[in-house]
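Here is the structure we will look at, set down as C-alpha cells.
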Amino acid sequence: MARRPGAPAAYGEDFSFVSPLVKYLLFFFNMLFWVISMVMVAVGVYARLMKHAEAALACLAVDPAILLIVVGILMFLLTFCGCIGSLRENICLLQTFSLCLTVVFLLQLAAGILGFVFSDKVRGKVSEIINNAIVHYRDDLDLQNLIDFGQKEFSCCGGISYKDWSLNMYFNCSEDNPSRERCSVPYSCCLPTPNQAVINTMCGQGMQALDYLEASKVIYTNGCIDRLVNWIHSNLFVLGGVALGLAIPQLVGILLSMILVSQIKDQIKLQLYNQQHRADPWY
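Under this note's numbering, the first residue of the sequence shown is numbered 126, with each subsequent residue one higher.
Right under this line is the structure:
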C-alpha cells in the first residue's frame with residue numbers, strides 16, 4: 126500500500142534512532158564518577174568518625190572531611206541521574222543531569238571570573254580562612270597536618286607573617302598564657318636542617334618574641350598568603366590545564382546527554398508513527 130504524501134519514511138520494526146555507542150558511553154562515563162563519589166563519601170565519613178566530637182564541632186567550618194562528604198553526595202546524586210537516565214533512556218533524568226551539570230560548569234566559570242576580577246576580596250577571604258585555621262590548629266589533627274604540609278611546601282609561616290600564630294591560644298604571646306608553647310610557632314615553620322635524622326618539634330620555641338631579622342635565621346618569616354599568590358602567578362599555565370581537564374569531562378557529559386535526549390525523542394516519534402501506521406489502513 127502506498128504511503129500517504131507527507132508521511133515520514135518507513136523504517137523497519139527493529140530500527141532505533143538511539144545509538145548504543147552514545148548510550149553506553151554516557152552510562153560508563155557516569156558510572157566511573159559515581160564510583161569515585163562513593164569513595165569520596167566513604168573517606169569523608171571515615172575521617173569524620175575518627176575525630177573527637179569536641180574537635181569536630183570546634184572546627185566544623187574548616188573541616189576537609191565535611192567538604193569531601195558534601196561534594197561526594199552531590200556528585201553521587203548527579204551521576205546517579207546520568208547512569209539511570211542513560212540506561213533506561215529516561216528523558217527526565219537525562220535533562221536533570223544535563224541541566225545540573227551545566228549549572229555546575231557555569232558556576233565554576235563564574236567563580237573563576239569573579240575571583241580574577243575581585244582578587245583583593247578573594248585575598249581577604251583566604252586570609253580569613255587561614256586565620257580561622259590557625260585558631261583551630263590544635264583542635265583537629267587533619268587540619269594540623271594540612272597546615273604543616275602547606276607551610277613546609279610553600280616555605281611560609283602564618284597568614285601574613287609568623288606572628289599570626291598569636292591568634293592560637295597555645296601560641297599566644299600574652300603574659301597570662303600558661304602554655305609551654307607561648308610565643309612559639311609550629312615546627313613546620315622552621316628552616317630545614319641538612320641531614321637531620323630526628324625532627325626537632327621545639328625549634329619554633331619563642332620565635333614570635335624575636336624581630337624579623339633574628340627570627341629569619343631559624344624560621345620562615347613570610348606569610349603563606351603572599352607565597353600562595355606568587356605560586357599561582359608562577360603556575361598559571363598548569364592551573365589553566367587543570368581547569369581545562371575539569372571542564373572537558375563536564376562538557377562531554379552535557380553533549381552526550383543532549384545527543385541522547387534528541388535521539389530518544391526521535392525514537393518516540395517513530396514509535397508513534399508506527400502505531401498510527403498499523404492502526405490506519407490508509408498509511
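Beta carbons are placed, not taken as given, at the ideal position from N, Cα and C, and that holds for glycine.
Asked	Found
Hey, residue 350 and residue 284 are a contact pair by Cβ (cut 8 Å); roughly how many whole angstroms apart?	6 Å
If you draw a straight line from the alpha carbon of residue 298 to that of residue 275, how long is it in whole angstroms?	23 Å
For residue 352, which residues in the same chain have their Cβ closer than 8 Å to its Cβ, ignoring the five residues on either side in sequence?	279, 280 and 281
In this structure, how does DSSP classify residue 314 when only helix, strand and coil are distinguished?	helix
Output the distance between the C-alpha atoms of residue 141 and residue 149, rounded to the nearest integer angstrom.	15 Å
So, is residue 240 buried or exposed, given that buried needs 16 or more other C-beta atoms within 10 angstroms?	exposed
Can you pull the DSSP bridge partners for residue 104?	The structure shown does not extend to residue 104, since the chain is modelled only from 126 to 408, so the question has no answer here.
How long is the line joining the alpha carbons of residue 245 and residue 333, rounded to whole angstroms?	27 Å
Between the beta-carbon of residue 189 and the beta-carbon of residue 316, is there less than 8 Å?	no
Could you check if residue 242 is buried or exposed, using at least 16 other CB atoms within 10 Å of its CB as the buried criterion?	exposed
Is it buried or exposed, residue 175, if we count other Cβ atoms within 10 angstroms and call 16 or more buried?	exposed
For residue 318, is the classification buried or exposed, using 16 other Cβ atoms within 10 angstroms of its Cβ as the cut-off for buried?	exposed
Between the C-alpha atoms of residue 195 and residue 168, what's the straight-line distance to the nearest angstrom?	12 Å
Please state if the CB of residue 292 and the CB of residue 256 are separated by a distance shorter than 8 Å.	yes
Do you know whose CA, among 402, 336, 400 and 396, lies nearest residue 143's CA?	396
By the 10 Å Cβ neighbour count, where 16 or more other Cβ atoms means buried, how is residue 337 classified, buried or exposed?	exposed
Write down the C-beta distance between residue 286 and residue 346 rounded to the nearest angstrom, noting that I regard them as a contact closer than 8 Å.	6 Å
Three or more beta-carbon pairs under 8 Å between the region 303-316 and the region 373-392, yes or no?	no
When you compare only the Cα positions, how much space is there between residue 361 and residue 294?	37 Å
If you draw a straight line from the alpha carbon of residue 329 to that of residue 339, how long is it in whole angstroms?	12 Å
Is DSSP giving residue 366 helix, strand or coil here?	helix
So is residue 179 buried or exposed if we call it buried at 16+ other beta carbons inside 10 Å?	Because residue 179 sits at a pLDDT of 45, beneath the cut-off of 50, its placement in the model cannot be relied upon, and the following sentence gives the value as read from the coordinates. Answer is exposed; the Cβ neighbour count stays below 16.
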